[in-house]
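Quick notes on the structure that follows.
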Amino acid sequence: TNGQNIQGGVVGAPYASFLLGLVDSGNIAYPPQARVGQYAWGFFAQDTWKISRKFTLDYGLRYDFQNYPKEQYGRYANFSPTVPNPSAGGRLGAVIFEGDGPGHCNCNFANIYPFAFGPRLGAAYQINQKTVLRGGWGIVYTGTGDANGATQGALTAFSPFNAPSFGAPVLNLRTGIPLAPPPFPNFDVGQYPQAGYATTQSPGTFYDQNAGRPARQIQWSIGLQRQLTKDLAVEANYVANRGVWWNSPNLIDVNALTPERIAAAGLNIANTNDLTLLTSRIDSATAVSRGFSTKLPFAGYPGSGTVAQSLRPFPQFTSIVSLFSPLGKTWYDSLQMKVTQRYSHGLSATVNLTWAKQLALGNATNPVVPAALTGNNDVFNRNQNKYISPFDQPLILNAAINYQTPKLKLGDGMVKQAASWVARDWQLGGFVNYSSGLPIQAPLAQNNLNTVLFRSTYANRNPDVPLFTQDLNCHCFDPNKTFVLNPAAWSDPARGQFGTAAGYYSDYRNQRRPVENLALGREFRVKERYTLNIRMEFTNVFNRPNAPNPTSTNALASQTRNASGAATAGFGWINTSTVSAASSRQGTIVARFRF
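Per the numbering used here, residue 375 is the first one in the sequence shown, and the count goes up by one each step.
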């Protein structure tokens, strides 16, 4: 506890209270025991049909059946929008428990998708002796999501306790804890929100009813392969896919306060006075004067809750995160070119160049409980959130080269033969990757939309204004002194309004980060049963500097410098103090003797 509040100041130190065992607040609960599991079954059949000497057809079918993560004994407290909540005056919005029996809903949280059939078809046609045309099409399914944030905290609600008044302890540890938590498991549908925590607490899980639906991707390709010489071949392929049902919980807001709900209460989100009212406490003079203090959503609604909070569909709770929501979509198109030098005269090499475009709506990954926007702007206009993926890289070049030193013909003589033996059979390998930088997420608007609609939005991009003050890839500026992003390129939408910007832009990218590695090794055979293997591996062989990504969240963040002129904070700041030693040139030498 803190000390007494005297004339606006606090006397005493919290650490002293800790030493005395005086407790200000806490939570108590029985240790929960979770047992979460899921199963998956898969069946596959394939056949190859050689229709003619030049034409081969491959075809197959795969079937997958899998469920979503389930707590074995149905002890997850899952939000239900249709169950009356005794802790909120009977208002809808409580928790239920999966399975059958007393305290359970005699139901399943979600449905299992039974139609995950994945046909595949591939064909190869030899145009002539050195040219082959290949094509393929197929449907594949991913696995259903993992726990996705539905952790042990969802098993049972903690019982909180607070000091009765400022400076007074709620209990003394010397005399024990005279509080008993509810038994575990606790199947009380009204355990959220707990007394005194309305509007600041939400259930830990809310399974989307389609949580058992795996993401589906349709893939196709067509390509031409040509042999130029005996050991050299080239090929070019068009490769594409379309994906749906990706796990994207950030595309849904279960407890959303929409502009329509605000309008139904007689308020206008574009009106300055109404915006002030929405962000005011419901017991404030502003709310009293407008008559909202008498419109409490349920008995016991705290006066500290805002008017905006009282207008939410489930005002007893804060934002409710939907898990395993299969709402994401992806689009991918690419031209993939490859050159292969088969082993000849000690040399083999492979070079791949990909020119691609990747779009996304939602996430193409399995996110944990989402934070911030993660690429989505206006959740109420879902289809407007289609833009380039945060993983989009238009150009990717990979090259791998291996060379084995030959036996040198130096002539007779012990010294020459020894030199020939030492120089031969060394394996020299190199790998390089050069690719476009990853997109930078657009900065968040600072128009207080999160205090009204409980969601963030992006700042608007100003047309014809440069996004950067420096080319991040030119190596022509001092990252310690330069703010590389231009705040004038962005402006906030009106207060309470969604922005019009995309989450990512093709011309707004972080620095390119080349990968350049080299390896050298050889195996020496001492006798028939004894060998010595020596291997040397080097990363970032040219010691290229890799500065951290610039600070890009808030375009209005003040750009500050210290007395020596070095940048210290703000939009476009590169914090070079976080550079890892692992980003510099590294080398490893390994020797292994086998016998």
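Beta carbons: idealized from backbone N, C-alpha and C, even for Gly. Just so we're clear, the structure is a prediction, and the values are computed from it rather than from any experiment.
Taking I636 as the centre and dropping the five residues before and after it, the same chain places the C-beta of I643 closer than 6 Å to its C-beta, in chain order. Residue ranges of uninterrupted alpha helix (DSSP H) with 4 or more members are absent from the stretch 717 to 741; none lies entirely inside it.
Distance between G509 and A497, taken at the CA atoms: about 5 Å. Here the alpha carbon of Q871 sits roughly 20 Å from the alpha carbon of S684. One alpha carbon belongs to P557, the other to P405, and they sit about 10 Å apart. Counting along the chain, V789 sits inside the alpha helix (DSSP H) bounded by residues M788 to A797. The criterion of a C-beta distance shorter than 8 Å is not satisfied by G702 and S810.
Residues F857, T925, A931, S932, Q933 and T934 of the same chain have their beta carbon placed closer than 8 Å to that of G944, with the five preceding and five following residues left out of the count.
Of the candidates N949, Q503, T680 and R616, Q503 places its Cα closest to the Cα of R427.
Minimum Cα-Cα distance from N629 among the listed residues V563, Y433 and P687 corresponds to P687. DSSP places L641 outside both helix and strand once states are collapsed to three, so it counts as coil. Sixteen is the threshold: when 16 or more other Cβ atoms of the shown chains lie within 10 Å of the Cβ of F535, as they do, the residue is buried. Excluding five sequence positions before and after T430, the CB atoms of its chain that fall closer than 6 Å to its own CB belong to K424 and A498, given in chain order. Remark: C-beta atoms of A462 and A585 do not approach each other more closely than 8 Å.
D432 is bridged by DSSP to T422 and G496. In this structure, L769 lies near W729, with their beta-carbon atoms less than 8 Å apart. Bounds of the alpha helix (DSSP H) holding N824 are L823 to V826.
Looking from the CA of N560, the closest CA among V608, V618, L625 and V469 belongs to V469.
Ranked by Cα distance from L495, the first of N480, G512, V889 and F483 is G512.
One alpha carbon belongs to D582, the other to F698, and they sit about 6 Å apart. Annotated as proximal: A833 and S865, with beta-carbon spacing under 8 Å. The beta carbon of T714 is closer than 7 Å to those of A607 and T724 in its chain, skipping five residues each way along the sequence.
Under the three-state reduction of DSSP output, T952 falls in the helix class.
In this structure, T518 and Q420 do not form a Cβ contact; the two beta carbons are roughly 24 Å apart against a cut-off of 8 Å. Remark: fewer than three beta-carbon pairs, one from each stretch, lie closer than 8 Å, so the stretch 654 to 670 and the stretch 542 to 557 are not flagged as touching. R829 and L649 do not touch by the CB rule: their CB atoms are close to 15 Å apart, not below 8 Å.
Checking the DSSP bridge columns, you'll see S865 partnered with N834.
The C-alpha of A819 lies about 19 Å from the C-alpha of N645.
Inter-segment contact for the stretch 831 to 847 and the stretch 783 to 794 is absent: fewer than three beta-carbon pairs are separated by less than 8 Å.
A straight line joining the alpha-carbon of N611 with that of S595 spans about 7 Å.
Boundaries cannot be given for V858, as no alpha helix (DSSP H) includes it and DSSP labels it neither H nor E. Contact annotation: R587 and W620 have beta-carbon atoms that are not nearer than 8 Å. Within the stretch 673 to 709, no beta strand (DSSP E) run of at least 3 residues lies entirely inside it.
Under the three-state reduction of DSSP output, P455 falls in the strand class.
In this chain, the beta strand (DSSP E) harbouring T913 covers Y904 to T913.
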